[in-house]
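Heads up, the sequence shown is in numbering that gives the first Met the number 0, so the first residue is 0 and it goes up one at a time. What follows is a set of notes on a single structure, which appears directly below.
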Amino acid sequence: MARYHGKRGVVYASTTGAGVAAPVISQSKWTLDMATDKAEVTAFLDANKTYVQGLRDLKGTISGYWDDASDALFDAAESADGCKLYLYPSLDAPTIYFYGPAWLDSKIDVDAKGAVTCEASFVANGSWGRRP
Numbered sequence: 000m001a002r003y004h005g006k007r008g009v010v011y012a013s014t015t016g017a018g019v020a021a022p023v024i025s026q027s028k029w030t031l032d033m034a035t036d037k038a039e040v041t042a043f044l045d046a047n048k049t050y051v052q053g054l055r056d057l058k059g060t061i062s063g064y065w066d067d068a069s070d071a072l073f074d075a076a077e078s079a080d081g082c083k084l085y086l087y088p089s090l091d092a093p094t095i096y097f098y099g100p101a102w103l104d105s106k107i108d109v110d111a112k113g114a115v116t117c118e119a120s121f122v123a124n125g126s127w128g129r130r131p
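Now the structure itself:
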């Protein structure tokens, strides 16, 4: 098992639910939160609180720098049927990635004292998987 630097991470996205995913240029960070719902089921005489696990509430963010050569995150956010996402922690391990359909919300941040950045938040729009 190896450890990796994030410099070779990448995001692939389609601009529609049926589209072909392509690398999203100029992005520098992504997050993926795969927390699950928990319901408390503590009963009399239990030694501590007890929970059962429900469904994953899959969501995350993509962020980086605005590049006028690509509107992929904005196009995907405007799609009526969502988009496809493929999130690679490192291209040094190209067979390991997270993937699935998503709904995107995008934003752009323009600051007179800094770089123009963009960000998208996403939630699952169907079942997600992980490879390998």
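Heads up, the beta-carbon is just placed ideally off N, CA and C, and yes, glycines get one too. From a predicted model like this one, the values you see are computed outputs, not experimental measurements.
Next on the checklist: List, from N- to C-terminal side, the beta strand (DSSP E) runs of 3 residues or more that fit wholly inside the stretch 89–116.
Outcome noted: 96–108
Item to check | Cβ distance (whole Å) where Ser126 is taken to contact Gly99 below 8 Å | outcome: Here Ser126 really is in contact with Gly99; their C-beta atoms are around 6 Å apart, less than 8 Å.
Item to check | Where Gly81 falls, given that 16 or more other Cβ within 10 Å makes a residue buried | outcome: buried
Checklist entry - Residues in its own chain within less than 8 Å of Leu90 by CB, not counting five upstream and five downstream? => result Arg7, Gly8 and Val9
Checklist entry - Run through DSSP, which three-state label would Arg55 get? => result strand
Checklist entry - What is the residue span of the alpha helix (DSSP H) that Leu72 lies within? => result Ala71 to Glu77
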